[in-house]
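Peer 1: Here the sequence shown is numbered in my numbering, starting from 5 and rising by one per residue.
Sharing a structure, written as structure tokens. Questions coming.
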Amino acid sequence: MNAVAKTAKSSDVENQTKARTPQRNSYTQQRHSSSNALAKISAVTADQRRASEVGQATISSVRKDEQLAEDTRRKSAHMAVTNVMRISGSELEPNLQNYEETQSGQLEKSYKKETNEQKRVMVQEVPRDEQETTDDLIAKSKPRMQPFVGKAEPVASDIECTTPVSRRTIGNKGSSSDANVKSLTMDHQTAITLSSLEAASFYCVLQECLDFLSILRYVIPAEIDERWDERYKTIAELYGVPDEPKMIFREDMGLLPVIPSVAEKIQRDRTYAYEILRRTTSNIRENKTFESLELVIEDIVKTQEGERELQINWELWTEQAKQLQDLVDYDKLEFDDTRKQRIEMVRKVNADVDNSIFLNGSQLGYVERWEDAQLEKQELKLAQKEGELLSLKANCEKLEKADQIVSGEVRTYLEANTREMEDEIISWTSQYIEELERREQEMTELKDHIEGQLVELEELSLLRDARQVFIDEVLAEKERARKEEEYWREIHRVATLIQAQWRGYMVRKQIGPFKGLRARLKKRKGKGGKAQKMAGKGRKKPRTSPSKKKK
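Quick look at the structure:
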């Protein structure tokens with residue numbers, strides 16, 4: 005019976021193994037196909053990278069002529085109008101979600117440098133028509149955005165490398181015809197300086213939008229939160245897990261709520277649109293350009309491209325997880341087969357053991373008796389060891405009691421010492437407080453005295469200034485009196501000289517009251533006679549002045 009049962013079980017195991025063989029073969033084929041697909045992806049990625057580098061080098065070497073500059077200016081004007089209308093209505097172009105960056109690292113820097121050079125050339129060469137209105141620009145221009153075409157799932161030709169972590173660029177213009185995911189690119193336009201008419205029209209439209217948004221701020225039943233941060237964030241900052249402590253209430257940490265209300269979301273979107281329009285209006289008013297709006301659009305494109313890359317990463321990781329799950333299932337099948345084989349082997353071994361026990365029963369009896377003797381000997385050894393351990397335990401208990409007595413005495417001493425130290429601390433603390441109060445009182449008195457001295461010093465300085473003014477006035481008056489006295493003294497001296505000169509001149513010329521003076525003197529000489537002669541002998545002849553001698 006046992007042999008028949010074993011034969012039936014072995015046949016069942018063989019049938020199950022044969023039934024699972026095709027499944028194992030299918031898993032093996034899937035694994036080989038996935039490895040081949042990864043190899044193809046790596047090869048296509050290398051070709052795509054080389055083609056992208058060649059295309060970018062070719063684009064950087066192309067020079068634009070005057071016709072291309074004119075088209076660029078018109079497209080830029082149309083893009084500014086359309087973007088302003090979208091942002092004012094809080095609706096962005098859906099196609100912007102499919103933009104992607106085709107430049108990286110050093111190539112992007114060189115492209116920006118070349119763009120700045122082309123900007124200066126275009127500003128000098130491109131004529132701006134002042135009579136051309138915004139409606140004409142919109143009618144003439146066309147959107148420069150390419151729509152998104154294809155499937156949302158990743159294809160091997162559009163993936164940069166075999167793993168999502170090391171992928172840098174998704175899609176390429178050169179290889180878009182061979183892939184389901186086509187790259188949406190936006191031609192980089194140089195900044196165009198608007199004419200005065202265009203700038204004024206754009207400014208009026210944007211100012212009206214700002215006014216409407218300002219009114220809408222008070223219509224929305226939500227306040228502006230200063231913690232809102234609308235700056236550009238990378239994908240890691242936007243979707244990464246922040247290093248925040250785990251707390252039940254986020255308000256305790258001053259963080260924003262995870263799920264804002266509808267009014268808060270609308271208010272935040274309104275604030276975001278208002279700030280963009282405000283910066284654009286300021287840029288148009290001051291520089292007649294809309295570079296700030298282009299920068300915001302570039303940030304939006306970068307963010308949406310990062311989200312798209314993140315979505316493709318997720319799809320790739322999902323596909324890889326499915327492949328790994330298939331491999332795990334395949335390993336489970338192999339493990340089940342191996343386990344069943346081992347179980348069958350164990351059953352066979354058990355049957356052999358039963359046969360051996362039946363054949364060697366006498367030997368087992370001897371072995372059992374020998375094992376019993378060994379067990380008894382081991383029990384005796386353990387009993388002896390137990391007694392030794394009990395005696396050691398008693399000694400340890402005695403030592404523990406002695407330690408408790410000593411520790412109690414030490415504790416009593418330490419408690420008494422602690423109380424004494426606490427009393428000393430209290431007394432010293434009270435002395436310190438009293439001394440501190442006394443010092444503070446002295447400092448207060450000194451401060452009051454100093455303040456009084458300062459007030460008195462200020463009064464004395466004011467008095468000194470007043471007296472100094474009076475002293476300056478007195479000195480000035482004395483100086484003025486001295487100068488006036490000197491002036492009149494000099495006037496009198498000069499007047500005396502002038503009067504003497506004039507009197508002498510009148511005497512010499514016999515004019516005025518001295519007219520006929522010589523005749524009168526001769527008459528006097530005739531009358532006086534000898535008396536005058538006698539009087540004239542004792543006198544000296546008057547000296548004639550040098551001026552008279554010359555005359």
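Cβ coordinates follow ideal geometry from the N, Cα and C atoms, glycine included.
What's the C-alpha gap between S360 and R373?
Peer 2: Between S360 and R373, the C-alpha separation is close to 19 Å.
Peer 1: Could you give the uninterrupted runs of the beta strand (DSSP E) lying entirely in the region 418 to 453, keeping only those of 3 residues or more?
Peer 2: Fully enclosed beta strand (DSSP E) runs of 3 or longer: not present.
Peer 1: E323 to K292, Cα distance in whole Å?
Peer 2: Going from the Cα of E323 to the Cα of K292 covers about 50 Å.
Peer 1: Kindly list the residues whose CB is nearer than 7 Å to the CB of L467, restricted to its own chain and excluding five residues on each side of it in sequence; keep chain order.
Peer 2: Closer than 7 Å at Cβ, skipping near neighbours: no residue.
Peer 1: How far does the alpha helix (DSSP H) with E319 in it reach, from first residue to last?
Peer 2: Residues 295 to 363.
Peer 1: Take W432 and list the residues in its own chain whose beta-carbon comes closer than 7 Å to its own, dropping the five residues that flank it on each side.
Peer 2: Answer for W432: no residue qualifies.
Peer 1: For the alpha helix (DSSP H) containing F206, list its first residue and its last residue.
Peer 2: 200 to 223 is the extent of the alpha helix (DSSP H) around F206.
Peer 1: If we ignore side chains and look at the alpha-carbon of each, how far apart do C400 and Q367 end up?
Peer 2: Computed Cα separation, rounded: 49 Å.
Peer 1: In whole angstroms, what separates the C-alpha of T284 from that of L331?
Peer 2: Each residue's Cα considered, the two are about 56 Å apart.
Peer 1: Please report how far the alpha carbon of Q382 lies from the alpha carbon of G391, in whole angstroms.
Peer 2: Cα to Cα, the separation comes out at about 15 Å.
Peer 1: CA-CA distance, L396 and A377?
Peer 2: Using only the alpha carbons, I get a separation of about 29 Å.
Peer 1: K519 lies in the alpha helix (DSSP H); which residues open and close that run?
Peer 2: No alpha helix (DSSP H) contains K519, which DSSP labels as neither H nor E.
Peer 1: Can you tell me which of the three DSSP states I3 falls into?
Peer 2: A query on residue 3 cannot be resolved here, the shown segment of the chain reaching from 5 to 555 and no further.
Peer 1: In whole angstroms, give me the CA-to-CA distance for D340 and K306.
Peer 2: Cα-Cα distance, rounded: 50 Å.
Peer 1: Taking only the alpha-carbon atoms, compute the straight-line gap between R443 and D452 and give it to the nearest angstrom.
Peer 2: Their backbone Cα atoms lie some 14 Å apart in a straight line.
Peer 1: Tell me which residue opens and which closes the alpha helix (DSSP H) that I270 is part of.
Peer 2: Its alpha helix (DSSP H) spans residues 266 to 291.
Peer 1: Let me confirm a value: R423 is counted as buried when at least 16 other C-beta atoms fall within 10 Å, else exposed. Which label applies?
Peer 2: Classification of R423: exposed, given that the 10 Å Cβ count is below 16.
Peer 1: Under 8 Å between the Cβ atoms of I301 and L198?
Peer 2: For I301 and L198, no; Cβs fall outside 8 Å.
Peer 1: So A226 and A267 are supposed to be a Cβ contact under 8 Å. How far apart are they, rounded?
Peer 2: Yes, A226 and A267 are in contact; Cβ-Cβ is about 4 Å, under 8 Å.
Peer 1: What distance in whole Å lies between the Cβ atoms of L281 and L217, which are believed to be in contact at a cut-off of 8 Å?
Peer 2: With 8 Å as the limit, L217 and L281 qualify as a contact, their Cβ atoms being about 7 Å apart.
Peer 1: Can you tell which of Y207, Q308, D476 has its C-alpha closest to the C-alpha of E290?
Peer 2: Nearest of Y207, Q308, D476 to E290, Cα basis: Y207.
Peer 1: Looking only at its own chain, which residues have a Cβ that is under 8 Å from the Cβ of I224, when we skip the five neighbours before and after it?
Peer 2: Excluding sequence neighbours, I224 sits near A267, I270, Q271, R274.
Peer 1: Can you give the Cα-Cα distance for L464 and A470, rounded to whole angstroms?
Peer 2: Each residue's Cα considered, the two are about 10 Å apart.
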